[in-house]
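Student: Residue numbering for the sequence shown follows the numbering used here, beginning at 65 and increasing consecutively. Glycine included, every Cβ here is placed at the ideal spot set by N, Cα and C.
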Amino acid sequence: MTAKQNGKEEINLEKHGVHLLMSDISTETVTPTIEWILKNSLMEDPFPILTLYICSPGGELPAAFALIDAIKGSPIPVRTIGIGEVCSAGLLIFIAGEPGERILTPNTLILSHQFCLLYTSDAADDTPCVDLGGRRII
Numbered sequence: 065m066t067a068k069q070n071g072k073e074e075i076n077l078e079k080h081g082v083h084l085l086m087s088d089i090s091t092e093t094v095t096p097t098i099e100w101i102l103k104n105s106l107m108e109d110p111f112p113i114l115t116l117y118i119c120s121p122g123g124e125l126p127a128a129f130a131l132i133d134a135i136k137g138s139p140i141p142v143r144t145i146g147i148g149e150v151c152s153a154g155l156l157i158f159i160a161g162e163p164g165e166r167i168l169t170p171n172t173l174i175l176s177h178q179f180c181l182l183y184t185s186d187a188a189d190d191t192p193c194v195d196l197g198g199r200r201i202i
């Protein structure tokens, strides 16, 4: 069903399995997205795939990890589409999308911090860092 606004029909994106995350990543901004994933997961006749559009300069990692856990724990695959900018914590959320269902539009700006795998060893004084930057992450 559509709503009329200024004489034009307005489409409710969430009724089509689409949600927009268009801001800094914080508890306040990811809560509606997590609720959207949970509500759709509990529907009697769920969508075959959910679509999450992301445009974010990044933000708080704990909030990003909460949303990533919701995406990964969803019984419904989540397609992620990056538009505008997908940076830092926003990129981590984007990467959490279903493999094969991650899409970046042609003009999307991507920024990531250096990815690094740290491990400790009793045999070395320094904690070595294995650079994962050369590996394809998308």
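Would you please state the rounded distance, in angstroms, between the beta carbons of I98 and A128? I believe it to be under 8 Å.
Tutor: That belief does not hold up - the Cβ atoms of I98 and A128 are roughly 11 Å apart, past 8 Å.
Student: Is it the case that the CB of F129 approaches a heavy atom of the ligand HEM more closely than 6 Å?
Tutor: Of the ligands one can find in the structure shown there are none, so the ligand HEM has no counterpart to examine.
Student: Could you pull the start and end residues of the beta strand (DSSP E) that I147 belongs to?
Tutor: Where I147 is concerned, the enclosing beta strand (DSSP E) stretches over V142 to C151.
Student: How do the stretch 100 to 115 and the stretch 148 to 158 stand: do at least 3 beta-carbon pairs fall below 8 Å, yes or no?
Tutor: Segments in contact, no.
Student: Verify whether the separation of the beta carbon atoms of E162 and P141 is less than 7 Å.
Tutor: For E162 and P141, yes; Cβs fall inside 7 Å.
Student: According to DSSP, is L168 part of a helix, a strand, or is it coil?
Tutor: DSSP places L168 in strand when its eight states are reduced to three.
Student: According to DSSP, simplified to helix, strand and coil, what is E124?
Tutor: Reduced to three states, the DSSP call for E124 is coil.
Student: Along the alpha helix (DSSP H) that carries I101, what are the first and last residues, could you check?
Tutor: That run of the alpha helix (DSSP H) goes T91 to S105.
Student: Ignore the nearest five residues each way along the sequence and tell me which others in I101's own chain have a CB closer than 6 Å to its CB.
Tutor: Excluding residues within five positions, the ones whose Cβ falls inside 6 Å are A134 and S138.
Student: Could you check what DSSP says for I174 in three-state terms: helix, strand or coil?
Tutor: Three-state DSSP puts I174 in a strand.
Student: Nearest to D109 by CA position, among L175, M86, K136 and G81, is which residue?
Tutor: Checking every option, the nearest Cα to that of D109 belongs to G81.
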